[in-house]
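First to last, the protein sequences are chains A and B. Residue numbering for the first sequence follows our numbering, starting at 66 and increasing by one per position. Residue numbering for the second sequence follows our numbering, starting at 812 and increasing by one per position. Idealized CB from N, CA, C, for every residue including glycine. In what follows, a structure is listed as structure tokens, so that the remarks can point back to it.
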Amino acid sequence: QKEVEQDPGPLSVPEGAIVSLNCTYSNSAFQYFMWYRQYSRKGPELLMYTYSSGNKEDGRFTAQVDKSSKYISLFIRDSQPSDSATYLCAMNPSGNTPLVFGKGTRLSVIA
Amino acid sequence: EAGVVQSPRYKIIEKKQPVAFWCNPISGHNTLYWYLQNLGQGPELLIRYENEEAVDDSQLPKDRFSAERLKGVDSTLKIQPAELGDSAVYLCASSLDSGYNEQFFGPGTRLTVL
């Protein structure tokens with residue numbers, strides 16, 4: 066079992082839909098959780114960064130962490146074609162340890 | 812503010828040939844990272860530099876891979892000799908602080924080994 070599991074998709078949704086992207090993990094020591102967006106032929110871009118459990122909202126994006134279930138989510142409201150990308154979750158036990166990335170979920174938002 | 816710059820963007824070589832990738836981090840960022848990203852996978856750390864010092868290189872295959880950051884600014888990653896399995900995207904990232912949690916990635920170099 067990999068430390069971080071992420072469904073690779075692809076996930077295809079109509080414009081305006083609410084998108085839910087998820088990762089599960091096995092290492093209970095993970096404390097920091099990140100979501101990166103990666104457009105085709107580009108490097109990953111940090112979207113959301115949360116510490117421990119709870120929710121964090123930034124515009125149309127909401128990140129949720131449930132440490133009791135070892136489950137994190139990224140919600141995208143009012144999805145746009147420009148949201149079409151691969152979304153990678155990443156996490157680590159502390160800021161000084163390497164990030165463990167999921168495989169990424171490929172999202173397509175259809176106009 | 813300019814982002815992380817990498818060159819070349821694409822490289823095609825034959826197996827057993829050497830190859831080098833260059834990275835210039837965001838100005839003022841003391842920490843630099845090299846990652847490997849295979850198709851359909853997340854990035855995997857190869858090496859992390861704090862200024863000129865390699866502080867985490869446990870995942871770097873040292874028999875064929877080497878890296879340097881001589882003046883604590885730009886960096887070069889080299890593979891010699893390249894193998895078919897080295898075909899991947901090589902990403903460079905930098906951060907202002909020494910931790911891993913707020914990194915800025917470059918566009919990557921896509922390597923194809925024939």
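So is B:TYR860 in contact with chain A if we call contact Cβ pairs under 9 Å?
Judged by the 9 Å Cβ criterion, B:TYR860 is not in contact with chain A.
For B:ARG820 and B:THR920, I'd like the C-alpha separation in whole angstroms.
Those two C-alpha atoms are separated by around 4 Å.
What residues from chain B crowd round A:PRO163, counting only those whose CB sits closer than 7 Å?
Simply LEU856, ASP867 and TYR911.
Roughly how many whole angstroms lie between the Cα atoms of B:ILE858 and A:THR170?
Each residue's alpha carbon lies about 25 Å from the other.
For chain B, find out if any of its Cβ atoms is closer than 9 Å to the Cβ of A:ALA155; answer yes or no.
Chain B contact via Cβ: present.
What does DSSP give as the partner residue(s) for B:THR923 in the beta ladder?
B:ILE823, per the DSSP bridge assignment.
Under the rule that 16 or more other beta-carbon atoms within 10 Å means buried, what is A:VAL165, buried or exposed?
It is buried - the Cβ of A:VAL165 has at least 16 other Cβ atoms within 10 Å.
List the residues of chain A that B:PHE876 touches, going by C-beta distances under 8 Å, in chain order.
The contacting residues do not exist; B:PHE876 stays about 16 Å from chain A at best.
Note down, in chain order, every chain B residue with its Cβ under 9 Å from the Cβ of A:GLU110.
Going along chain B in sequence order, the residues near A:GLU110 (Cβ under 9 Å) are PHE915 and PHE916.
Quick one: using the 10 Å Cβ neighbour count with 16 as the cut-off for buried, is A:ALA176 buried or exposed?
Classification of A:ALA176: exposed, given that the 10 Å Cβ count is below 16.
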